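Protein chains in written order, with my numbering: chain A, 1 to 652; chain B, 1001 to 1254. Below: one structure, written as C-alpha cells.
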Amino acid sequence: MNPSIEGLDTFPKLLMHHARARGDRPAIREKDLGIWQTWTWRDFADEVRSLACGLAAEGLERGAHFALIGANRPRIYAGIAAAQCLGAIPVPLYQDAVATEMAFPIRNAEIAYALAEDQEQVDKLLEILPQCPSLKRIYYDDPRGLRHYDAPELMSYEQLLERGREAYRREPAFLDAEIAKGSGEDTAALFFTSGTTGVPKGVVLTYTNLIERSRVVAEWEGITDRDVVLAFMPPAWIGQNIFSYAQPLVAGYCICCPESAETVTTDMRDIGPSYYFAPPRIFEALLTQVSVRMDDAAAPKRALYHYFMGLARRVGERIMEGKPVGLWDRLQYSLGDLLVYGPLRNVLGMSRIRIAYTGGEAIGPDLFVFYRSIGVNLKQLYGSTETSVFVSIQPNDRVKPDTVGPAVPGVELRFTSERELLIRSPGIFKEYYKNPQATAEAKDAEGWFHTGDAGYIDADGHLKIIDRAKDVGALSDGTLFAPKYLENKLKFFPYINEAVCFGHGRDKVCAFVNIDMEAVGNWAEKRNLPYSGYVDLASREEVYALVRECVEKVNADLSREREIAGSQIARFLILHKQLDADDEELTRTRKVRRRFIGEKYAPLVAALYDGSAAVHVEAQVRYEDGRTGKISADLKIADARTFGADAARRAA
Amino acid sequence: MLLSVEGVSLAFGGVRALNDVSFDVRAHEVRAIIGPNGAGKSSMLNVLNGVYHPQKGKITFKQKVFADMDSHEAASMGIARTFQNIALFKGMSVLDNIMTGRNLKMRCNFLQQALWIGAARREEIEHRRAVEEIIDFLEIQHIRRTPVGRLPYGLQKRVELGRALAAQPELLLLDEPMAGMNLEEKRDMCRFVLDVNDHFGTTLVLIEHDMGVVMDISDRVVVLDYGRKIADGIPEDIKNNKAVVDAYLGVAHA
C-alpha cells in the first residue's frame, strides 16, 4: 500500500493528506433532489476545517464529547472529523433510538454539544434536555419544521459553519496546530454498544485501533481509492462507521449516502458499489424481493430462472473460486450469466461488487450460497465494536459457509475451557467509558478480549461461532442447548422472521415464532387465504401448518447432529406482534433479547410448558412517536414432531 | 384578507346547494369547511376554483371582485386544489404527475418543447428542480419513478397534494385530504398540511370529516348545513356551538 500515509496517526491528519494527494477525487456523494452531488476530498476537508473552527469558537475542547445523531449524511461525517480535529471525541448515536434511550449516553459521556440531523432528532434531544443538564448546544442540519423553535440551545449548521469561516479567517493557523497535537494513542471515538443485557457501554477506541485494523484489511483485500461504498446502516454502528469513515480515510475511497432509508435499493443501482457490507437480514430482504417477483413472473421466465439457479448452485461457487469445472457446465454458466445472473446482479445493484461482507449475525447457508453462486463475492466476517471490527474474514478462494474464516493478520485467537473465544489484536479497544469493572471483566491484564462467544477453530484453521457463551445452556436432562443456533436455523426459512427458543433447565425446547409478513402474506395470497392484518394472519391454522413444517425440518436437521439432537423443538406458538426494538424486545442491531422476552411474555412461556392448547395475551406496544397502545389476542400453541436418531435416518 | 365570499347562492334546478353563504379567508391561515353529508362543502370548493358558477353573490380574491370564477383564471391567479376522489394520471410516474402541476408555469412553445433546446431545456431543468423540492418535502423520493396506479391510497393522496403544490399556489383547496386513511397516514398528512402552511406560507381551505383533525389543525372553521352557513369561528367555539352539535347529531322533532 501507499507508504505516504505512514506516520499519519489520526483521522484529521489522513483527511488533510487526502485533500492534498487526491483533492479532486470524490470523497463523499449524496443524492439530493434526485441528483448525486459530489464532495471531493478538498471540499470535504474545507467543510471540516470550517466546521472545526466553528466548534472551537463555540467552546468544544480537547477531550470533550460531541454527539452526532443522524443518518448517513456528509455533514454528519464532517461533524465527526471536525470534532477529531480539535481532539474532541465524537459519539455517534443511533438515529432510530427513542428519546429516553439517548439520555444515558449523553449523561454518561457528559455531552455538551450535539449535532442533530433534523427536526425529529432535535425533538428527541429537547425532550430529554431536563434529564441531561450537561447538554448546552444542539446544532441541526435540516432546518425544516424548526422555524418556530426558540430553545436557546439550538443553532443551525449553517450558522455554525459561518462562525467557523469567520474564525478561520481570523486565525488560519489555529486548526493545523490543533490537528498536529493529536496522536494515535488518543481516543478517536466513543461507540455505545446496544447491549443485549443491561445498560449500554461506551466503547473507547483509539486512532491506532481503527487505523491499524482498517489499513491491514485494506492491504489484505486490495482496497484502493477507486473503490466505492454505499453507506446505509446507522453511522452509530461500528459496522457502518468502519466502512464509511475509518477505512475510506485510510484507503481514500468514496462513500455514497442514499437519498433516504426507503431509496437504498434504487440508490444502490445508481451507484454500483464495489465494496459492500451489510448484515444478513439485508441480504435476506433482497433475496425475498427477488423470489417474490420471480414467483409472479411468467412461466418461461420462471423456468429459465429455476434452471439456471440450479446450475449456479451446483457450479457457481466453484467457478468463482477458480476450481475445476467441466467445460459443458462452464459454457452453460456463461450463458446463464448473460441471461440470468448478470441481470440479477444488476437489479440488486451488485454488478460491480468485488468484495461484499456480511456479519453481526449468522447467515443462512442457502442465502449465502445464493449470492456467491450468481457471482457476488460475499464473505463472512467476524468482529465487534471492541475489536475494531476485523477479527476474521473468509479468504477469497477458501470460503466455508459455516465458519467465519481464519484470523486476519495481526489477530491472535485462544479459547477458554468453557469454549469462550478470546482475542488479542492491535484493534482491541482501550476501555469501556467510566466503567472499569466492565473493562476488567472483558479485557484481562495481558490484553485478551473476552468475546463472550462460544466456538472453536476447525481443522482448516477457520473460526466457527456457535452461540453466546452465556446463552449456551442445558436441558434438565443435561442435553446441550444452544438457543441462537436453533433460532438461526428457524430464521433461515423465508417465512420466519424472528424466533426465540426457551429450554435452559427445562425438559424440552419450546419456541416463539414471528412470521415474515411479506413472504407469508404472499404465500397466503397465492392460496386465496384472506386476512386482515398481521395478527389475523399469524393466527391462521394454515400458517401454523406452514410454520410447523419449518420447525419439523429443523428438528430433522438437528437429529442428524449428535451433540444437539436432544434439543429439538417440541412446541411453538406464533406471536401476535413483531418483536420490535422500540418495545425493547430486540436490540437496535436487531438481536433478540431472549431473557427480556421470556420475562415479558412469562404467561406464554408457561403455557408452552404446561400443555395448554391456547393462551390469551394482552401486550403493550410502543409506536414510533413514543406513544403506547395495547393489542390482545388468543394465541394457539402447536406441537411439532421430533425425531429420534433412527427416525431421522429413515426420513433422510 | 385573501379571499372573501359574499352571499353566494348556487342551485342545480330545484336543488339549492348553497344558500346565501358568506365567509372569508385570511392570508396564511388554515380554514376548514365542515358539515354533514350534502351540506354543500364540495360545491363551495367548486365555486371557489370556478368549476361551478353561482347564480348570486360575489367572490373577492386578492382584491379583485368576481361574480364567478373561471377555472383557468383561478389556477393562474394562484388557486390549486386536490380532489375527494384522487384525480391523478394512473399510468404516469409520480414525477410526471407532479410535473403536470407546473403546466401553467411553462412558457416555451410547442416547437421549442419538441426540439428541447435552449430555453425549453433550461425551463425544464428549473421545473424539475421545483418538483424535486416538493418530492423531498413530501418524502416520496422512493416512489419518484413508480406509476401512480401502483401506489397505496395514502401515498396517492400525498402525490396529489404534491401536484397541487407544484403550481406554487397562494390558496390551496383540499377536498377531504384524509378521507379513507388509517391513523398513521392521517397523522402524516396532518403534518404535511401544517408544514405546507408553515413552510410555503400557503393559505389552506380544507374540507374534512375527521373532527379531531379539523379541530387540531385549523385556525378557523365554517360550518355548513343544507347549503346554509350555520356557524363560523375558532375551533373551540365551534365545538361548543349548539347549532353545530344539532346539525351533526340531529334534533328530536317535538
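All C-beta atoms in this analysis are idealised placements derived from N, C-alpha and C, irrespective of residue type, glycine included. Bear in mind that the values here come from a model prediction, so they are computed numbers and not experimental data.
Cβ shell of A:ASP225 (< 7 Å), same chain only, five flanking positions each side left out: The residue given as residue 225 of chain A occupies position 225 in the first sequence. Hits under 7 Å: ARG22, ARG25, ALA251, GLY252, TYR253.
Proximity test, Cβ basis, 8 Å: B:ASP1136 and chain A: Taking the second sequence and counting its residues from 1, one reaches residue 1136 of chain B at position 136. Residue-level contact check: B:ASP1136 touches chain A, since one or more beta carbons of chain A fall below 8 Å from its beta carbon.
B:ARG1158 versus B:ARG1144, B:LEU1104, B:HIS1053, residue with shortest Cα-Cα distance: Position 158 of the second sequence, counted from the start, is the residue given in the question as residue 1158 of chain B. Among B:ARG1144, B:LEU1104, B:HIS1053, the Cα nearest to that of B:ARG1158 belongs to B:ARG1144.
Residues, ordered as in the chain, of the segment 135-146 of chain A that lie near chain B by beta-carbon distance below 9 Å: Cβ contacts with chain B: ARG144, GLY145.
Nearest-angstrom Cα separation, counted from A:PRO200 out to A:THR91: The sequence position of residue 91 of chain A within the first sequence is 91, counting from 1. The sequence position of residue 200 of chain A within the first sequence is 200, counting from 1. For the sequence presented, residue 91 of chain A should be read as Val rather than Thr. Cα to Cα, A:VAL91 sits roughly 13 Å from A:PRO200.
Classification of A:SER476 by the beta-carbon crowding that lies within 10 angstroms, buried from 16 upward: Position 476 of the first sequence, counting from 1, holds the residue named residue 476 of chain A. Exposed, because fewer than 16 other Cβ atoms sit within 10 Å of the Cβ of A:SER476.
Residue from A:TYR139, A:GLN247, A:ASN488 with nearest C-alpha to A:ILE496: Position 496 of the first sequence holds residue 496 of chain A. Ranking A:TYR139, A:GLN247, A:ASN488 by Cα distance to A:ILE496 puts A:ASN488 first.
Where the segment 21-36 of chain A meets chain B: residues whose CB sits under 7 Å from a CB there: Those residues of the segment 21-36 of chain A that come within reach of chain B (Cβ to Cβ, closer than 7 Å) are LEU33, GLY34.
Per-residue contacts from B:GLU1132 into chain A (C-beta, under 9 Å): As a position in the second sequence, residue 1132 of chain B is number 132, starting the count at 1. In chain order: ASP32, LEU33, GLY34, ILE35.
For A:ARG29: DSSP bridge partner residues: Here residue 29 of chain A corresponds to residue number 29 of the first sequence, with the count starting at 1. Note: A:ARG29 sits in a beta bridge opposite A:THR38, A:CYS256.
Backbone CA spacing between A:SER388 and A:ILE242 [nearest angstrom]: Position 388 of the first sequence, counting from 1, holds the residue named residue 388 of chain A. Position 242 of the first sequence, counting from 1, holds the residue named residue 242 of chain A. Within the model, the alpha-carbon separation for A:SER388 versus A:ILE242 is close to 8 Å.
Residues of the segment 247-267 of chain A whose Cβ lies closer than 8 Å to any Cβ of chain B, in chain order: Taking a C-beta cut-off of 8 Å against chain B, the contacting residues of the segment 247-267 of chain A are GLU259, SER260, GLU262, THR263, THR266, listed in chain order.
CB contact below 8 Å: B:GLN1141 versus chain A: Residue numbering aside, residue 1141 of chain B sits at position 141 when the second sequence is read from its first letter. Using a Cβ-Cβ cut-off of 8 Å, B:GLN1141 counts as an interface residue toward chain A, since at least one Cβ of chain A sits closer than that to its own.
Nearest-angstrom Cα separation, counted from A:LEU463 out to B:ARG1163: As a first step, residue 1163 of chain B must be located in the second sequence, where it is residue number 163. As a first step, residue 463 of chain A must be located in the first sequence, where it is residue number 463. Computed Cα separation, rounded: 56 Å.
Beta bridge counterpart(s) of A:ARG468 as assigned by DSSP: For the purposes of this step, residue 468 of chain A is identified with residue 468 of the first sequence, where counting begins at 1. The bridge partners DSSP lists for A:ARG468 are A:ASP453.
Spatially closest choice to B:PHE1023 from B:ASP1195, B:LYS1056, B:ILE1033, B:LEU1171, by CA coordinates: Taking the first residue of the second sequence as position 1, residue 1023 of chain B is located at position 23. When each option's Cα is compared against that of B:PHE1023, the closest is B:ILE1033.
8 Å Cβ cutoff, B:ARG1031 in contact with chain A: For the purposes of this step, residue 1031 of chain B is identified with residue 31 of the second sequence, where counting begins at 1. So, not an interface residue.
As assigned by DSSP and simplified to three states, the class of A:GLN394: Within the first sequence, residue 394 of chain A is the residue found at index 394, counting from 1. In this structure, DSSP gives A:GLN394 a state outside helix and strand, which the three-state scheme calls coil.
B:HIS1072 at chain A interface by Cβ criterion, 8 Å: Here the question's residue 1072 of chain B lines up with position 72 in the second sequence. Cβ-Cβ to chain A under 8 Å: no for B:HIS1072.
Uninterrupted alpha helix (DSSP H) stretches inside the segment 39-114 of chain A (no shorter than 4 residues): Taking only runs of at least 4 residues, the alpha helix (DSSP H) segments lying wholly in the segment 39-114 of chain A are 41-58, 74-85, 99-108.
Interface residues of chain A facing B:HIS1199 [CB-CB closer than 9 Å]: Counting from one through the second sequence, the residue named residue 1199 of chain B turns up at place 199. Residues of chain A whose Cβ lies closer than 9 Å to the Cβ of B:HIS1199 are, in chain order, ARG144, GLY145, ARG147.
Cβ-heavy atom distance, A:ALA303 to the ligand NAD, below 7 Å: As for the ligand NAD, it is missing from this structure, which has no ligand bound.
Assigned exposure category for B:PHE1089 - 16 Cβ within 10 Å defines buried: The count along the second sequence starts at 1 and reaches residue 1089 of chain B at position 89. That one is exposed.
Contact under 8 Å by Cβ, B:GLY1101 with B:LEU1171: By 1-based counting over the second sequence, the position of residue 1101 of chain B is 101. By 1-based counting over the second sequence, the position of residue 1171 of chain B is 171. B:GLY1101 is not a Cβ neighbour of B:LEU1171, given a cutoff of 8 Å.
Min CB distance B:ASP1020 to chain A below 8 Å: Locating residue 1020 of chain B in the second sequence gives position 20, counting from the first residue. For B:ASP1020, the answer is no, since every Cβ of chain A falls outside 8 Å of its Cβ.
Touching by the beta-carbon criterion (3+ pairs, under 8 Å), the segment 1135-1152 of chain B and the segment 1041-1055 of chain B: With a cut-off of 8 Å, the segment 1041-1055 of chain B and the segment 1135-1152 of chain B do not count as touching, because too few Cβ pairs lie within range.
Cβ pair count under 8 Å reaching 3, the segment 326-342 of chain A against the segment 255-273 of chain A: Judged by Cβ distances under 8 Å, the segment 326-342 of chain A makes no contact with the segment 255-273 of chain A, as fewer than three pairs qualify.
Chain A within 8 Å of B:ASP1121, Cβ atoms only: Working through the second sequence from its first residue, we reach residue 1121 of chain B at position 121. Here residue 1121 of chain B turns out to be Arg, not Asp, going by the sequence shown. No, its Cβ sits nowhere closer than 8 Å to a Cβ of chain A.
Nearest neighbour of A:LEU304, chosen from A:SER50, A:LEU339, A:LYS379 [CA to CA]: Working through the first sequence from its first residue, we reach residue 304 of chain A at position 304. Scanning A:SER50, A:LEU339, A:LYS379 for the CA closest to the CA of A:LEU304 turns up A:LEU339.
Exposure of A:ASP295, with buried meaning 16 or more beta-carbon neighbours within 10 Å: Numbered from 1 along the first sequence, position 295 holds the residue referred to as residue 295 of chain A. When all chains shown are included, A:ASP295 counts as exposed.
For B:GLU1170, the residue or residues it bridges with in DSSP: Here residue 1170 of chain B refers to the residue found at position 170 when the second sequence is read from its first residue. Per DSSP, none; premise fails for B:GLU1170.
As assigned by DSSP and simplified to three states, the class of A:ARG137: As a working mapping, residue 137 of chain A is identified with position 137 in the first sequence. Note: A:ARG137 maps to strand in three-state DSSP.
Local conformation of B:GLN1141 per DSSP, three classes: Working through the second sequence from its first residue, we reach residue 1141 of chain B at position 141. Of the three classes helix, strand and coil, the one that applies to B:GLN1141 here is helix, per DSSP.
Reference A:TYR655, options A:LEU480, A:ALA64, A:VAL404, closest by Cα: Because chain A is modelled from 1 through 652, residue 655 of chain A falls outside the range shown and cannot be assessed.
At least 3 beta-carbon pairs within less than 8 Å: the segment 277-285 of chain A vs the segment 352-361 of chain A: Taking 8 Å as the limit for Cβ pairs, the verdict is that the segment 352-361 of chain A does touch the segment 277-285 of chain A.
Integer Cβ distance of A:GLU518 from A:THR288, believed to fall under 8 Å: Here residue 518 of chain A corresponds to residue number 518 of the first sequence, with the count starting at 1. Here residue 288 of chain A corresponds to residue number 288 of the first sequence, with the count starting at 1. With a Cβ gap of about 6 Å, A:GLU518 and A:THR288 count as contacting.
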